[in-house]
Structure formats: C-alpha cells, structure tokens
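One structure is given below, encoded as structure tokens.
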Amino acid sequence: MKILFASSEATPLIKTGGLADVAGSLPAALNNIGQDCRLILPGYPDVLEKADNLQSLTQLEIAGETSPVRLLQGSCGPHRVPLYVIDAPHRFNRAGNPYLSPEGMNWPDNAERFSLFCHAVTELALNRIDHDWQPDVVHANDWQTGLIAPLLSTQENRPATLFTIHNLAYQGLFDHATFLRLGLPDELWSYHHLEFHDQLSFIKGGIALSDRVNTVSPSYAAEIKTAEFGYGLEGLLNHRKDHFSGVLNGIDYHEWDPLNDRHIDTPYSAESFADKRNNKLALQQEYGLPEDENIQLFGYIGRLVDQKGVDLILQVLPGIMDAGAQMVMLGSGNKDLEHALEKISNRYHSRVGVFIGYDEGLSHRIEAGCDSFIMPSRFEPCGLNQMYSLRYGTVPIVRRTGGLADTVVDVNPTTLVNGSATGFVFDNADGSSLWGAMEHAINFYRRSATDWEILARTGMQQDFSWEASAQHYLELYQTAIDEPGL
Ligand code: ADP
Ligand code: GLC
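For what it's worth, UniProt numbering labels the leading residue of the sequence shown as 1, then goes sequentially.
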C-alpha cells in the first residue's frame, strides 16, 4: 500500500513533542511490514539541514502563492524513510520552533504556513505534479494537517484519508477574516466543514472530512467523546463514532533500549538489572546531587504546561524531601513553572535537580538512572515517557487518564499476586492524590528491594513495540479505502 504520512514534525529532524516520535517511527514500522510509506514535512531549517540526500523534484503551483514553493525528495533518519519536503523559505525557513517565534509567541502567519503545507500535500496526493507516485491513503496528523482532508474531499480520484488526533487541546483556531484571506473554497465555511463557533478550525476539518479518524489510545478516544475532554468537539466525535477509534502508539525500541543506548553510562537489561544503579550514580553526579544508590530517585521529563500537571509535582516536592528521596526534572515551557522549579532546586540543591531546556541525551539518562518516573497529567492522549520508563525498569507513577491508564497496571493485591503490576496509578488531578501514590511507591521501595526489582522487571518485559500498532494502522487504511467514510 502507498501511504503519504503528513506531519509538522518528525524525529530525528525536528521535534517539540511526542508527535515527532510517532512520525519518526510509525512510517518505518509500516515499511518494515512491506508497505510504501513516505513522510512529508515542512522545510524548516533543521529539516533542510538534517535530511539525507535532499534533491529538488519540482516547483509547485499553489493557488494564491506568489513566492516560490518547491517539492524536495530525500530520506529521514536511520530507518531511511522516504521523505518529501515542502521548501517554501518565506514560510518555513526561520529560526525558532515550528510553531513559535524565539520569544515563545505563535508565529503570526501560522494559518498561512500550514494552509500552504496542506495545499502542497494535496497536490502530491492528487498526482498533479510531474512525479509518478500517488498514495492510496493520506495519513494526516494534528491540526497543522487538518485542511488536507477538506481540500481532497471535493476531488475526483482522491486517495483515502485518515486523520489522527494527537492532542485535541491544540486546534488551529483562526478568525473568519483568516479563512477569507486563505482563499479556501466558500462551501467549506459551514457548520459541517471548517466553521466552529464563527471561527476557522483546522482540526475540525480533519475530524469532519476524513474517511477515518483516530486518536492515540483507546481511553483518550472514549474521553474526548465527553464534554470534559472534548473542547466542544465531542458532538462531532460522537457523530463520527462509527469511523472513529483509538490506536495506542508504539515506541521505538531501537532508539529506547537500555542495553544499547549511546547516551547512558552503563548498559543493562532485565537480566542485569543491578547494573542500572551505575546510571543512577552517574545521574546524581550530573545533577550535582549526593551520590547514593540507596536514595530513591524520582524523575520527570516533559513540556512544562498545564496538561502535564507539573503544578502537582510542585505540591509533592516537600513530601519527597521529607522522605529523604531525590527528584530530577528536565523540561521547558511555561515561564512561571520554570522559575518556580529553578527556585526550589536552588534552595534544596541536595534533593532536587532541575534542568530547564531540551536535551535528548539527558532524557535517556533520566529514564536509565531514576527508580521511578512521575506523570501526573490532567489529560494524556497517549504519553510516551511512561512507556520509555517501563522499558528502562523505571517504575511509572501516573494519573489514570488517556494512554497512561492504558499502559500502566496499578500495584494492588490482585495485580501483585497475578504478576501484572507495573506501576502506581492515582485518580484525581490533585496533590494529595498524587502524594498517595508516591507514598505507596516510597513504602514499597523501602519494604523490599527484591519486590521492587520484580515490579521494575515486569515493566521491562511489556511489549509496546510499533509492530502491533503498525498492523492496526494498516487495517484502518484498508477500511478507509474499502469503505470511504464520507
Ligand atoms: P507530548 O507530546 O504531549 O509532549 P509525549 O509523552 O507523547 O508528550 O512525548 C514527549 C516526548 O518529548 C518524549 O519523547 C519526551 O522524552 C520528549 N521531551 C519532552 N520534553 C523534553 C525535554 N525537555 N528534553 C528532551 N526530551 C523531551
Ligand atoms: C501528543 C500528546 C501525547 C502523545 C503524543 C504522540 O503530543 O500530548 O500524549 O503521546 O501526541 O501521539
């Protein structure tokens, strides 16, 4: 099957979050099972620099665009995934992150930037350029690709479409004037298409007008059909329920393998679990914390935003210190949270280590060195770090929501007896509920090193590789082709 995978980020070229991990590994997993999946990305500076063998294929004619737009072809990453790049320097070739200026503000022309991307993907998808390849299905991801399905929906001989929601909180909302400025077909300004409470909604376009829609875990699929998590789109998602499902993400076991990880101090596996302690000592040293393998070490990695519940971690830090444990954190985002964390680590530098920024290698060393990883998310479509933690024998402590609920099995008398327990799960998004789970983890760790090791090793034996999910996506593509959803 020929699959065109459209994303606004992909590892190892450009990453702000989990979407990049998925776009960097799912196409490779599909190609591994005999498919022809090709990735298409905007031409940000990092993409132009880091992609392999980039060559110009052709000039693209995009309605309303006066500046040059070129289609380049090359390959992405160690799996050599075939790659197309939309090279439009006036929209993509600038410093900063894909969505934000260096000052942390949304780029003022984000609607134009990603509308251009969607138009360009559509040209390739309809085989309108001089290049002999037409996909059977276009797989679009998140709001930045939300206009692809609407633009394709009115065309003859269009490929099938799948839209994946990685995070419903980011919707690509703009005013009506923007809709007019983008020159989109008039008929798309309706309740059944792109209009959402008098605004232009990119994500609504993907949800309303794709043959199939999915999100990245079964639990999040159920949650966003309710008013609490649906941001007003729950009605549409319920309307599309026969064409909407949840497919759990996989993780890249090549990139995240404690036995073969170039970033960490000492390789280890479930069989050589004792070697993990060297990574703990190295991590304590890296953060300037007292080096002691018997001190329980907790970790956090992630965007410092409301979604991730970092404020709840702030609430439990005094308890962690009182218990004589340590905490290391890595993240960036909300400036208030950044300052609050830095303040605490300056004050309690023997207990709390904070690194504000983005550091791929350190994220691996945290997974390898900690005893336990905390994810108190308010919502979590899938979440990848809890799966990386399981893989690294770093027992996750998570809130029962979205993909966290689908991947971590709570420690309780039943799951301990039947050997399925892999972590600590709590229910409410508040400090005391998180603390309840942490206290449980602290007591469990102190009571028996052997039981802790059994728990960690059970996590290491779970299988969250991409193979099963890639098979699932292949089935979704096939149904989108056989039974169009529109
Ligand atoms: P989200 O996509 O909502 O940010 P995920 O758990 O799906 O959450 O994925 C986040 C990804 O980004 C993980 O691979 C995580 O390790 C990585 N990550 C987040 N913040 C940082 C950081 N500051 N440094 C390094 N990696 C980070
Ligand atoms: C989003 C979600 C995260 C998910 C990732 C990849 O950014 O917030 O939960 O794991 O996408 O699907």
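For glycine and all other residues, C-beta sits at the position ideal for the given N, C-alpha and C.
Query                                                                                                                                                                    : Result
By DSSP, does residue 55 sit in helix, in strand, or in coil?                                                                                                            : strand
If the criterion is Cβ atoms closer than 7 Å, does the pair residue 422 and residue 474 meet it?                                                                         : no
Who are the Cβ neighbours of residue 302 in its own chain at under 7 Å, not counting the five residues just before and after it?                                         : 308, 331 and 385
Got a sec, what are the start and stop residues for the beta strand (DSSP E) residue 370 sits in?                                                                        : Premise fails: residue 370 is in no beta strand (DSSP E) and is neither H nor E.
On a CA-only basis, which of 313, 360, 348 and 365 is nearest residue 337? Give me that one, please.                                                                     : 313
For residue 484, which residues from the same chain have a beta carbon less than 6 Å from its beta carbon, with the 5 sequence-adjacent residues on both sides left out? : 211
With DSSP as the reference, label residue 365 as helix, strand or coil.                                                                                                  : helix
Given a cut-off of 7 Å on the beta-carbon distance, is the pair residue 489 and residue 121 in contact?                                                                  : No answer is possible for residue 489: it lies beyond the span of the chain, which begins at 1 and ends at 486.
Pull up the distance between the alpha-carbon of residue 71 and that of residue 41, whole angstroms please.                                                              : 10 Å
Shortest alpha-carbon distance to residue 271 belongs to which of 259, 399 and 424?                                                                                      : 259
Shorter than 6 Å, the distance from the beta carbon of residue 380 to the closest heavy atom of the ligand GLC, or not?                                                  : yes
Decide if residue 233 is buried, meaning its Cβ has at least 16 other Cβ atoms within 10 Å, or exposed.                                                                  : buried
Flag residue 222 as yes if its beta-carbon sits less than 7 Å from any beta-carbon of chain B, otherwise no.                                                             : In the displayed structure, chain B is absent; only one protein chain is listed.
What is the residue span of the alpha helix (DSSP H) that residue 477 lies within?                                                                                       : 466-482
Mapping DSSP to helix, strand and coil, what is residue 379?                                                                                                             : coil
Apart from the five residues on each side of it in sequence, which residues of its chain come closer than 8 Å, Cβ to Cβ, to residue 342?                                 : 354 and 356
Please list, in chain order, all residues of the same chain as residue 323 whose beta carbon is under 6 Å from its beta carbon, the five residues on each side excluded. : 442
Between which residues of its own chain and residue 388 is the CB-CB distance below 7 Å, once the five residues before and five after are set aside?                     : 251, 256 and 367
In whole angstroms, what separates the C-alpha of residue 461 from that of residue 247?                                                                                  : 21 Å
Looking at residue 404: is its Cβ nearer than 7 Å to the Cβ of residue 436?                                                                                              : no
I'd like to know whether the C-beta atoms of residue 98 and residue 156 end up nearer to each other than 7 Å.                                                            : no
Which runs of the alpha helix (DSSP H) fall wholly inside the segment 148-233 and span at least 4 residues, in chain order?                                              : 148-153, 176-182, 202-209, 218-223 and 227-230
Given residue 18, which residues of its chain have a CB within under 6 Å of its CB, disregarding the five upstream and five downstream residues?                         : 384
By how many angstroms is the C-alpha of residue 409 removed from the C-alpha of residue 402?                                                                             : 13 Å
Can you tell which of 202, 129, 186 and 2 has its C-alpha closest to the C-alpha of residue 172?                                                                         : 202
With DSSP as the reference, label residue 304 as helix, strand or coil.                                                                                                  : strand
Tell me which residue opens and which closes the beta strand (DSSP E) that residue 139 is part of.                                                                       : 137-141
With 16 other CB atoms within 10 Å as the buried threshold, where does residue 160 fall?                                                                                 : buried
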